[in-house]
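Student:
2 protein chains.
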Amino acid sequence: MNYKASHILILNNISRFIDLTELEEQKYLSLLTEISVKRKSFLMQAGDITSFEYFITKGCLKVYTLDDDGAPHISMFAVEDYWTGDMASFMTKEPTPYFIKATEDSELFGISRANYELLFQEIPKFERFYRMLYQKSLINYIKRSNHGISLTAEERYIKFKTKYPNIVNRITQKDLAGYIGITPEFMSKIITKVNRR
Amino acid sequence: MNYKASHILILNNISRFIDLTELEEQKYLSLLTEISVKRKSFLMQAGDITSFEYFITKGCLKVYTLDDDGAPHISMFAVEDYWTGDMASFMTKEPTPYFIKATEDSELFGISRANYELLFQEIPKFERFYRMLYQKSLINYIKRSNHGISLTAEERYIKFKTKYPNIVNRITQKDLAGYIGITPEFMSKIITKVNRR
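Sequence lines, in order, name chains A and B. Sequential numbering from 62 applies to the first sequence in this note's numbering. Sequential numbering from 62 applies to the second sequence in this note's numbering.
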């Protein structure tokens, strides 16, 4: 079977946790929807009830909320080979508080709520895949909430730079500041200081 | 088969997501360790590498970190029929930043790292149970991180009181303040104000 590059990327991602037969691979791919988002366009906006969970095959998107003063709080940057979305809105059908905006032209696969449920009936080993994916997400949430408490802005920047070398150079200093949780001016000072070492 | 009350509680919890045969129930129970924690004793302390995930059958425990000034930040209260622990330390074998301290004499089941892995081999349908449990935890994490941004202390208190009526009367005002993220004095004022309505 000849798969295109985006199919190979998502199948490789799945194969980290479970082995699929060729028939299961084809069944799985048939449950996905291809989605394109132009740079500066929104995949999701606060108030939406999201019907998809997403896997990124190309590009970069930022996930953020706006506080009462309209300042963005960026919770993640999602690039190729990442999963993104708002699991809470996806599962509860409540409006999302998140914006997801493309910072580069992006290509994604979406799985709809109906197909997500169907997936577990059709290919039960996906229970294991999602168990392990969610386990990893939970670990990241737990660790990130601890770092918020104990690390300085400079330490958070160094940690981000070290953990995500493939992301740090693709985003603006302003977006980086929105992720670290400081002003763009202070972000600029920290970057200069760290890179001078 | 005659089960004791604690066994029935955990099996009922499991049965929300999956159906076990009697043989599977017995196999599952055989993988658990019974643990007792006296009031004011620690189940876990910062620096420990935790070897268990826990299910509470009786009592109440608080999960918290200490900030640089030694002030507690309580992330959850866990009572009977709740799961608790530090998934990050459990999976990565890194030291936990958490303290888990009993606020009442407590009884728990623990599942060890080895038995947790064994469980999926022996009874694969537990993949589904944990997929759904983690999905729910993720939704709670996502929602809680949003509330931190958008709700006032008073709103957080009302939300907690409404969502956990069975917990709010079992904990001290000081612990409640450590959870809401305010001083005990301010907590006391809010409680008086809300209850006067």
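The beta carbon of each residue, even a glycine, is placed where N, CA and C say it ideally should be. Nothing here was measured: the structure is a model prediction, and the numbers come from that model.
Mind checking who F113/A pairs with in its DSSP beta bridge?
Tutor: For the purposes of this step, residue 113/A is taken as residue 52 along the first sequence, with counting starting at 1. DSSP output for F113/A lists S173/A as bridge partner(s).
Student: Counting only C-beta atoms, is S260/A closer than 9 Å to chain B at any point?
Tutor: This structure gives no information on residue 260/A, because the portion of chain A shown stretches from 62 to 258.
Student: Give a yes or no on whether the minimum CB-CB distance between P156/B and chain A is below 9 Å.
Tutor: What you label residue 156/B is simply residue 95 of the second sequence in a count that begins at 1. No, because no Cβ of chain A sits closer than 9 Å to the Cβ of P156/B.
Student: Just list the residues that DSSP pairs S198/B with in beta bridges.
Tutor: Counting from one through the second sequence, the residue named residue 198/B turns up at place 137. For S198/B, which the question treats as bridged, DSSP gives no partner whatsoever.
Student: Check whether chain B comes within 9 Å of P133/A, counting only Cβ atoms and requiring the distance to be less than that.
Tutor: The residue labelled residue 133/A in the question sits at position 72 within the first sequence. False, the Cβ-Cβ gap to chain B never drops below 9 Å.
Student: List the whole-angstrom C-beta distance separating K235/B from V229/B, where the pair is believed to meet the contact cut-off of C-beta under 8 Å.
Tutor: Position 174 of the second sequence, counting from 1, holds the residue named residue 235/B. Position 168 of the second sequence, counting from 1, holds the residue named residue 229/B. No, K235/B and V229/B are not in contact; Cβ-Cβ is about 14 Å, not under 8 Å.
Student: Closer than 9 Å, CB to CB, is L199/B near chain A or not?
Tutor: Against the second sequence, residue 199/B aligns to sequence position 138. With 9 Å as the cut-off, L199/B counts as an interface residue toward chain A.
Student: Counting pairs of Cβ atoms below 8 Å between the stretch 164-180 of chain B and the stretch 167-176 of chain A, do you hit three or more?
Tutor: Too few Cβ pairs lie closer than 8 Å, so no.
Student: Identify every residue that forms a DSSP beta bridge with T126/A.
Tutor: Here residue 126/A corresponds to residue number 65 of the first sequence, with the count starting at 1. T126/A is bridged to H134/A.
Student: Helix, strand or coil for T153/A per DSSP?
Tutor: On the first sequence, position 92 is the one that residue 153/A refers to. It is helical.
Student: From the beta carbon of I110/B, is the nearest beta carbon of chain A less than 9 Å away?
Tutor: Walking along the second sequence from the start, residue 110/B turns up at place 49. So, not an interface residue.
Student: So which residues of chain A does Q12/B contact, with C-beta pairs closer than 8 Å?
Tutor: Residue 12/B lies beyond the range of chain B shown here (62 to 258); nothing can be said about it.
Student: Buried or exposed: which applies to E246/A, given that a residue is buried once 16 or more other Cβ atoms fall within 10 Å of its Cβ?
Tutor: Translated into positions along the first sequence, residue 246/A becomes position 185. Exposed, by the Cβ-count rule.
Student: Mind pulling the chain A residues with CB within less than 8 Å of K3/B?
Tutor: Because residue 3/B is not part of the residues shown, which for chain B are 62 to 258, the question remains open.
Student: Within 8 Å, do at least three Cβ pairs link the stretch 143-157 of chain B to the stretch 109-126 of chain B?
Tutor: Counting Cβ pairs under 8 Å, three or more are found: they touch.
Student: Determine the DSSP secondary structure at S97/A, reduced to helix, strand or coil.
Tutor: Residue numbering aside, residue 97/A sits at position 36 when the first sequence is read from its first letter. The answer is strand: DSSP assigns S97/A an E or B state.
Student: If the cut-off is 9 Å on Cβ atoms, which residues from the stretch 217-249 of chain A count as contacting chain B, listed in chain order?
Tutor: Listed in sequence order: no entries.
Student: Considering only residues of the same chain and omitting the five flanking positions on each side of T244/B, which have a CB-CB separation below 7 Å?
Tutor: For this step, residue 244/B is matched to residue 183 along the second sequence. For T244/B, where only same-chain residues beyond five positions count, the Cβ hits under 7 Å are A238.
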